[in-house]
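A.B. asks: Below is one structure. I have some questions about it.
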Amino acid sequence: MLLALPLRALAEEPPHFTYAPAPPGTLIASQVVYLAGEAMHSQWRAVLSRLHAQWYLSIYAIDDTTYRLKYRSPSGDVPFPPGGPTVTSASIAAIGEFMGAGVQQVAIASHDTAGGRCGTGRIDVLFFDAAMEMPLSTLSVRTPCSLSARVVHEAHGDALAVTGPSSKTAIFRFTSGPGTWTQTPRLFQVVPSP
1 MLLALPLRAL AEEPPHFTYA PAPPGTLIAS QVVYLAGEAM HSQWRAVLSR
51 LHAQWYLSIY AIDDTTYRLK YRSPSGDVPF PPGGPTVTSA SIAAIGEFMG
101 AGVQQVAIAS HDTAGGRCGT GRIDVLFFDA AMEMPLSTLS VRTPCSLSAR
151 VVHEAHGDAL AVTGPSSKTA IFRFTSGPGT WTQTPRLFQV VPSP
């Protein structure tokens, strides 16, 4: 018996793209994300870079063969607020369709030295706000020590699994009607988006 599965048609990335302007410092991670849907004109890149002790998240949208800057933190408050604590590590933790099918969001994990002996871990989820025409924060989770995140593919869409100290995991699901996130079980502090 032959089983046919639908394949997602993703836009092809230009072979020789550039960033305008370039990410500050050394490029640490870069991933394609479809913040406005899966088409060539809506292809974006989330880029983490570091210059000396300062981390940067730059989010670019494709324009022909050039990714043009649409958002940069620490100029934006999430995930690296200006004048905030010193971030010691950061990663692009997960990319998923957390807020509905066909449009992706990006989760950034970071760890800073504030908040006691082992610092503070945080996960920030950013989405594209079509009305504002820019990426914005939709969820910010924090806990002492560190956090990690991964995508969980469920029957009704993607969810975000966040794991903290002692390997305790909570599942975050977005409910589109009221436009809210739920956490099961309630383990971590959720900070309102700026």
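Going by the working numbering, 170 is the number at position 170 of the sequence shown; the sequence numbering is gapless. A virtual CB, placed ideally from N, CA and C, is assigned to each residue, including glycine.
1. Confirm, please, whether the CB-CB distance from A29 to S91 is below 8 angstroms.
2. Using CA coordinates, which residue listed in F128, S167 and T182 is at the minimum distance from R173?
3. Kindly indicate which residue of T65, Y71 and T175 has the alpha-carbon position closest to the one of M132.
4. Taking all protein chains shown into account, do 16 or more other C-beta atoms lie within 10 angstroms of the C-beta of S166, making it buried, or fewer, making it exposed?
5. Going by beta-carbon coordinates alone, are R142 and G157 separated by less than 8 angstroms?
6. Along the chain, which unbroken stretches of the beta strand (DSSP E) at least 3 residues long are found entirely within the segment 39-84?
7. Would the beta-carbon of V162 fall within 8 angstroms of that of I123?
8. Got a sec, what are the start and stop residues for the beta strand (DSSP E) L196 sits in?
9. Use the C-beta contact count for L51: other C-beta atoms within 10 angstroms, 16 or more gives buried, fewer gives exposed.
10. When you compare only the Cα positions, how much space is there between V125 and T86?
11. Which ranges does the beta strand (DSSP E) cover as unbroken runs of at least 3 residues, wholly within the segment 117-142, from first to last along the chain?
12. Out of P24, H16, S58 and G25, which one is the CA nearest neighbour of S31?
C.D. replies: In terms of the structure at hand:
1. yes
2. T182
3. Y71
4. exposed
5. no
6. 44-51, 54-63 and 66-73
7. yes
8. Here the chain has residues from 1 to 194 only, and residue 196 is not among them.
9. exposed
10. 20 angstroms
11. 120-129
12. Checking the sequence, you will find Gln at residue 31 rather than Ser. The option with the nearest alpha carbon to Q31 is S58.
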